[in-house]
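First comes the structure, then the notes that go with it.
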Amino acid sequence: MTTVTHAKQKRRFQPMIIHIVLMVGSFLMVVPVLWSLLTSLKAPDEVTRIPITILPGQPHWDNFQKVADLLPFMTFYWNTIVTTLVKVLFGLLFSSLAAYAFARIHFPGRTLLFLLVLSVMMVPGQVFLIPQYLLMKDLGWLNSLKAITVTGMFSAYSTFLLRQFFLGLPSELEESARIDGCNPFRIYWNIMLPLAKPGLISVAIISTLWSWNDFLWPLVVNDSMDKMTLAVGLASLQGQFTTNYPVLMAGMLLAVWPMILIFFLLQKQFIEGITLGGLKG
Amino acid sequence: MNKNYASILIFTVMLTLLLSGCGAGNSASDSSNESESASGNVTLTYGLWDQVQQPAMEKIIAKFEEQHPDIHVEIKLTPWNEYWTKLETAATGGNLPDVFWINGASLPKYASNNQLLNLDDYAKDTSLDFGNYPQGLVDIYTYDGKHYGVPKDMDAIGLWYNKSLFDQAGIPYPDETWDWNKAVEAAQKLTDPANGIWGLPAQFQGQTGYYNTILEAGGGFYTDDGKKSLYDSPESIRGLQLQTDLIHKYKVSPTLAQMTDTSPKDLFRSGKVAMLIDGSWNVKDFATNEYTKNNVDVALLPKDKLRTSVIHGLANVGAANTKHPKEVIEFLDFLGSKESADIQGEDGTALPAFHGGQELWLKSVPQFHLQNLLDMANAAKALPRGPQNAKLDGLEEEYLKSAYTGESTPEEAAKAYAKAVNEAIASNP
Amino acid sequence: MNAKQPSSINAKRSKLKRREYGWGYAMVFPLLFGMSALFIWPVLRTIYLSFTEWSDFGNYHWTGLSNYIRLLRDTAVYHSLLHTLQYVIIYVPAIVILSTLAGVLLSSKVRGISVYRTIFFLPSVLMPAAIAMSWKWILNGDYGLLNAGLKLLSIHGVSWLTDSRTVLIAVVGVAVWGAVGLQAVIIISGIKGISPMLYEAASIEGAGRVSQFFRITLPLITPTLFFVSVTSLIGAMQVFDLIYMMVGTVAIDHVNTVVYLFYQQAFIKNDKGYASSIAVLLFIMILIVTALQFKLQKRWVHYD
Numbered sequence: 086m087t088t089v090t091h092a093k094q095k096r097r098f099q100p101m102i103i104h105i106v107l108m109v110g111s112f113l114m115v116v117p118v119l120w121s122l123l124t125s126l127k128a129p130d131e132v133t134r135i136p137i138t139i140l141p142g143q144p145h146w147d148n149f150q151k152v153a154d155l156l157p158f159m160t161f162y163w164n165t166i167v168t169t170l171v172k173v174l175f176g177l178l179f180s181s182l183a184a185y186a187f188a189r190i191h192f193p194g195r196t197l198l199f200l201l202v203l204s205v206m207m208v209p210g211q212v213f214l215i216p217q218y219l220l221m222k223d224l225g226w227l228n229s230l231k232a233i234t235v236t237g238m239f240s241a242y243s244t245f246l247l248r249q250f251f252l253g254l255p256s257e258l259e260e261s262a263r264i265d266g267c268n269p270f271r272i273y274w275n276i277m278l279p280l281a282k283p284g285l286i287s288v289a290i291i292s293t294l295w296s297w298n299d300f301l302w303p304l305v306v307n308d309s310m311d312k313m314t315l316a317v318g319l320a321s322l323q324g325q326f327t328t329n330y331p332v333l334m335a336g337m338l339l340a341v342w343p344m345i346l347i348f349f350l351l352q353k354q355f356i357e358g359i360t361l362g363g364l365k366g
Numbered sequence: 003m004n005k006n007y008a009s010i011l012i013f014t015v016m017l018t019l020l021l022s023g024c025g026a027g028n029s030a031s032d033s034s035n036e037s038e039s040a041s042g043n044v045t046l047t048y049g050l051w052d053q054v055q056q057p058a059m060e061k062i063i064a065k066f067e068e069q070h071p072d073i074h075v076e077i078k079l080t081p082w083n084e085y086w087t088k089l090e091t092a093a094t095g096g097n098l099p100d101v102f103w104i105n106g107a108s109l110p111k112y113a114s115n116n117q118l119l120n121l122d123d124y125a126k127d128t129s130l131d132f133g134n135y136p137q138g139l140v141d142i143y144t145y146d147g148k149h150y151g152v153p154k155d156m157d158a159i160g161l162w163y164n165k166s167l168f169d170q171a172g173i174p175y176p177d178e179t180w181d182w183n184k185a186v187e188a189a190q191k192l193t194d195p196a197n198g199i200w201g202l203p204a205q206f207q208g209q210t211g212y213y214n215t216i217l218e219a220g221g222g223f224y225t226d227d228g229k230k231s232l233y234d235s236p237e238s239i240r241g242l243q244l245q246t247d248l249i250h251k252y253k254v255s256p257t258l259a260q261m262t263d264t265s266p267k268d269l270f271r272s273g274k275v276a277m278l279i280d281g282s283w284n285v286k287d288f289a290t291n292e293y294t295k296n297n298v299d300v301a302l303l304p305k306d307k308l309r310t311s312v313i314h315g316l317a318n319v320g321a322a323n324t325k326h327p328k329e330v331i332e333f334l335d336f337l338g339s340k341e342s343a344d345i346q347g348e349d350g351t352a353l354p355a356f357h358g359g360q361e362l363w364l365k366s367v368p369q370f371h372l373q374n375l376l377d378m379a380n381a382a383k384a385l386p387r388g389p390q391n392a393k394l395d396g397l398e399e400e401y402l403k404s405a406y407t408g409e410s411t412p413e414e415a416a417k418a419y420a421k422a423v424n425e426a427i428a429s430n431p
Numbered sequence: 016m017n018a019k020q021p022s023s024i025n026a027k028r029s030k031l032k033r034r035e036y037g038w039g040y041a042m043v044f045p046l047l048f049g050m051s052a053l054f055i056w057p058v059l060r061t062i063y064l065s066f067t068e069w070s071d072f073g074n075y076h077w078t079g080l081s082n083y084i085r086l087l088r089d090t091a092v093y094h095s096l097l098h099t100l101q102y103v104i105i106y107v108p109a110i111v112i113l114s115t116l117a118g119v120l121l122s123s124k125v126r127g128i129s130v131y132r133t134i135f136f137l138p139s140v141l142m143p144a145a146i147a148m149s150w151k152w153i154l155n156g157d158y159g160l161l162n163a164g165l166k167l168l169s170i171h172g173v174s175w176l177t178d179s180r181t182v183l184i185a186v187v188g189v190a191v192w193g194a195v196g197l198q199a200v201i202i203i204s205g206i207k208g209i210s211p212m213l214y215e216a217a218s219i220e221g222a223g224r225v226s227q228f229f230r231i232t233l234p235l236i237t238p239t240l241f242f243v244s245v246t247s248l249i250g251a252m253q254v255f256d257l258i259y260m261m262v263g264t265v266a267i268d269h270v271n272t273v274v275y276l277f278y279q280q281a282f283i284k285n286d287k288g289y290a291s292s293i294a295v296l297l298f299i300m301i302l303i304v305t306a307l308q309f310k311l312q313k314r315w316v317h318y319d
């Protein structure tokens, strides 16, 4: 009897600790974000006022109206959604295909090719700017959504992450499928992809985020307003000497809320661990 | 077995097709430019970076298009932080905007690589007259004796001051009688550490700082032949010292670290700085800021040996490889006219470079004595331009910084800098 | 007869093998095809450019090893290497430990976990400019939120972003703050990739949460942890944006990193040849460190 209550207590106690730690963490996470939120409601000169004012004297909700009037947000949303969708879907396909091959198929030159893929992460990103621009120019893709999209479809990062994920999965299922005469593509498609769901979700989250906020490349490769994405469009609010920060912050919040929503929905997929159909355990 | 290889092949081809076909639907609207030019109309692109000035530029374009119904101008706005990266990438791809803004620092790079339209080649087709603009500005945009830029605006430097703080301290406002001794004296009275109020910050910047005092002290930057630095002259050293003494000797300026943390301009905007040497580009900002709107004004810089300041200004330039040089010249011609100077002046954001085109600008903020800024501009000298030499870039900040942090005296810093410049020039003539 | 059979089996096996190889190449082909044009070619071009002297807009001439000789003599390079090293040494352990902790906590089944996860994710969605701006105000010496808080505890805070003693810690702090949520997502996915049956079996054996964590969770997420540590290290060695946006004139001498130097040479001084040699130096260093991590992983990473 005592052991039962003890266990019960423990069961109630542990979530308490978790809640407390997570609340402290959440507080630290949220303070600078709240700052951005409060900034979006201030008058322009409140932002640089010294000493710093924390709360807006009077909430300027019209900042949101102003930024919506200033920029064609619907076009920006559309361009961002289209490019993100294409980048993420193709990115998932290409990197999971390659990741599976790198993890499971022992073809000659595999290590070298994998190293080649990884090496792309090892140079500063600015190195790619001019060569990629010249390539887009040769292809006649400047000022198109294609140019914005294509560079985001091949990710060394996603490939590496998924490779690690595949490597962590048990190989028994594959063995039996191979004995049944499945070719590697079928094994990948029918067996391994479903098992790798948590990994695919995290790749989807990360690449959605990167695509949504991608800045320098879409800025350089495109200069027509109707092909601009949210991050680039927003930056045009920055002046050389003065910037209306409240309006900029309001614009940023309008730009990122879908990301928060997408994350909220996607992370719900992290529910249970994988089920291996009784093979292991 | 053949079947298997075939399926691998098909699979590969499919993926390649997917890849190359993706987004093909997006290109439909790309060709708008070409179709317009085909029907006899020309579309020019106009690259600029300041969103604040965009409305004025749009007005100018509207006027221009009214007079030239066959030319259409499209603004391509790139924020300042990325403007030069993008411009360089575009230039490497032979894809510069037809017309764009440039500053003095970047002109030599673009002019020396034949990226810019030489305006002298078209002189007879235009009404452009470089006598219409301050000579200092025209010089900035002249390279190897050829004109490349049409001066757009100018950055005049003046002494901004907080009237309320002067009133509280019972000190008369700065005027044309002020020299640096008087400025320092006032600054000491105005400085109030208990309330966090600073008399006169020494901004660690050439244009709003030591360039002005070096010139006022009678110093200079380079010898006329551009072979040697003049920083080690007693006058230049004095000019630098006028600034750094504000921090270390008189303590009327925040330290360099404090100024990096909180910019003097933000402090000025909040009424925490009594005097600030800063540019004409602030006029519209100060005129709209709740606090500065009614509490500040602008005066002449205090004089030393003479009263002067540096001047800079932007210019409009054309791309050398534009497909429509004739239209580009027509547009540049218009951008350099009194008409477009008036539109800029009325807007108040930028001080137009066109002689006599400043009346509307002077009236744009009646509560500020903007004439003082214009007087400073008329007495100003061009920003220093040393020889084209990559090794010189960044040296200035690197060496002069120590005088501001107090690690070395202005004399040591200036001499060390001059020595480094002379060595760089000698090693790479 | 006896001798013939194995050889036909061998032949069949090698045919199977070759077919499997074919599939392997086909599956990596789409990725490699795109990467070659968009990424690998620019990397090779950078290596080539590092042996040239660049004048503006794509004109360059071959100068052999002179960029590298200059590199070895440039004290700025050694400073930037030192700063990068300092940054890496603080950042990488901090992010790996904190994101593992966050990932483990955020995969527990408590009420409102979705909300917690979303809050931890928030910093990742903000624009870097907004992050820099918010933190500059928080860390401001005279007027900052942090120092106002410390004042309540009667601690006199310094000017975090301009003081040479604190600037590195401050930047690492902001970087960790910005990255921990996203890294935690990866850890969560690693944890969710573990079969629940293992935990069931362990709890039948009577193992407590802590012992389950060390016996099951930790070993099984080592492939994910390996990923997090390799990519964090690569990212840390390339740190730039945050420093560029947050640190001003005074303290920059204490935190200018290799990529900062690269950026300065490539885009401000416009010395693309020299900049390329800096990029190649960085590339080689990252390559060595990463290769070392791959070698050492056999000691601590458990695949299946």
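Line by line, the protein sequences give chains U, Z and L. Be aware that the first sequence starts at 86, since it is given in my numbering, and climbs by one per residue. Be aware that the second sequence starts at 3, since it is given in my numbering, and climbs by one per residue. Be aware that the third sequence starts at 16, since it is given in my numbering, and climbs by one per residue. Every residue, glycine too, gets a C-beta built ideally from N, C-alpha and C. Here the structure is a predicted model, which means the values were calculated and not measured.
Cβ-Cβ distance between residue i and residue j below 9 Å
{"i": "Ala-384 (chain Z)", "j": "Ile-313 (chain Z)", "result": "yes"}
{"i": "Tyr-110 (chain L)", "j": "Ala-216 (chain L)", "result": "For clarity, residue 110 (chain L) is Ile in the given sequence; the question names Tyr instead. Contact flag unset, no."}
{"i": "Leu-244 (chain Z)", "j": "Tyr-233 (chain Z)", "result": "no"}
{"i": "Gly-151 (chain Z)", "j": "Leu-192 (chain Z)", "result": "no"}
{"i": "Gly-288 (chain L)", "j": "Trp-69 (chain L)", "result": "yes"}
{"i": "Asp-348 (chain Z)", "j": "Leu-362 (chain Z)", "result": "For clarity, residue 348 (chain Z) is Glu in the given sequence; the question names Asp instead. Against a cut-off of 9 Å, the Cβ pair of Leu-362 (chain Z) and Glu-348 (chain Z) comes out as a contact."}
Closer than 9 Å to chain Z by CB, residue i
{"i": "His-104 (chain U)", "result": "no"}
{"i": "Pro-100 (chain U)", "result": "no"}
{"i": "Val-265 (chain L)", "result": "yes"}
{"i": "Ala-262 (chain U)", "result": "no"}
Neighbourhood of residue i by C-beta, 8 Å cutoff - its chain only, sequence neighbours within 5 removed
{"i": "Gln-217 (chain U)", "result": "Thr-236, Trp-302 and Val-306"}
{"i": "Gly-141 (chain Z)", "result": "Note that residue 141 (chain Z) is Asp in the sequence shown, not Gly. Closer than 8 Å at the Cβ level, and outside the excluded window around Asp-141 (chain Z), lie Ala-384."}
Per-residue contacts from residue i into chain L (C-beta, under 8 Å)
{"i": "Gln-260 (chain Z)", "result": "Gly-156, Asp-157, Ser-174 and Thr-177"}
Sequence-distant residues of its chain with Cβ nearer than 7 Å to residue i (five each side left out)
{"i": "Leu-230 (chain U)", "result": "Asn-164, Val-167, Thr-168 and Lys-312"}
Interface flag, residue i vs chain U, CB-CB below 9 Å
{"i": "Ser-37 (chain Z)", "result": "Because Ser-37 (chain Z) sits at a pLDDT of 41, beneath the cut-off of 50, its placement in the model cannot be relied upon, and the point is left open."}
{"i": "Val-186 (chain L)", "result": "no"}
{"i": "Gly-198 (chain Z)", "result": "yes"}
{"i": "Arg-28 (chain L)", "result": "no"}
{"i": "Pro-57 (chain L)", "result": "yes"}
Closer than 7 Å at the beta carbon, the chain U residues around residue i
{"i": "Val-54 (chain Z)", "result": "Gly-324 and Thr-327"}
Residues near residue i by beta carbon distance below 6 Å, same chain, minus five either side
{"i": "Ile-301 (chain L)", "result": "Ile-249 and Met-252"}
{"i": "Arg-248 (chain U)", "result": "Ala-184, Phe-187 and Ala-188"}
Chain-ordered neighbours of residue i on chain Z, where CB pairs are closer than 9 Å
{"i": "Asn-285 (chain L)", "result": "Glu-90, Lys-111, Ala-392 and Asp-395"}
{"i": "Ala-316 (chain U)", "result": "Simply none; closest approach about 11 Å."}
Per-residue contacts from residue i into chain U (C-beta, under 8 Å)
{"i": "Glu-332 (chain Z)", "result": "Those do not exist, as Glu-332 (chain Z) stays about 22 Å from chain U at its closest Cβ, beyond 8 Å."}
{"i": "Val-4 (chain L)", "result": "Nothing in the structure corresponds to residue 4 (chain L), since chain L is present only between 16 and 319."}
Cutoff 9 Å: residue i Cβ touching any chain L Cβ
{"i": "Lys-444 (chain Z)", "result": "In the structure displayed, chain Z extends from 3 to 431; residue 444 (chain Z) sits before or after that span and is not available."}
{"i": "Glu-399 (chain Z)", "result": "yes"}
Neighbour list for residue i in chain Z, Cβ cutoff strictly below 8 Å
{"i": "Phe-282 (chain L)", "result": "Trp-86, Thr-87 and Glu-90"}
Ignoring anything shorter than 4 residues, give me the alpha helix (DSSP H) runs that lie fully in the segment 92-178 of chain L, in order along the chain.
128-140, 143-154 and 160-167
Quick check on the DSSP output: what are the complete beta strand (DSSP E) runs of length 3 or more inside the segment 297-348 of chain Z, in order along the chain?
298-301 and 317-320
At what residue ranges does the segment 225-286 of chain Z contain a whole run of the beta strand (DSSP E), taking only runs of 3 or more?
277-281
Alpha helix (DSSP H) runs wholly inside the segment 265-334 of chain U, at least 4 long, in chain order:
282-298, 301-306 and 315-320
Taking only runs of the alpha helix (DSSP H) that begin and end inside the segment 32-112 of chain Z, which ones reach a length of at least 4 residues, in chain order?
34-40, 56-69 and 82-94
Output the residue ranges of the alpha helix (DSSP H) runs that lie fully inside the segment 222-272 of chain L and measure 4 residues or longer, sorted by chain position.
224-227, 237-252, 256-261 and 267-270
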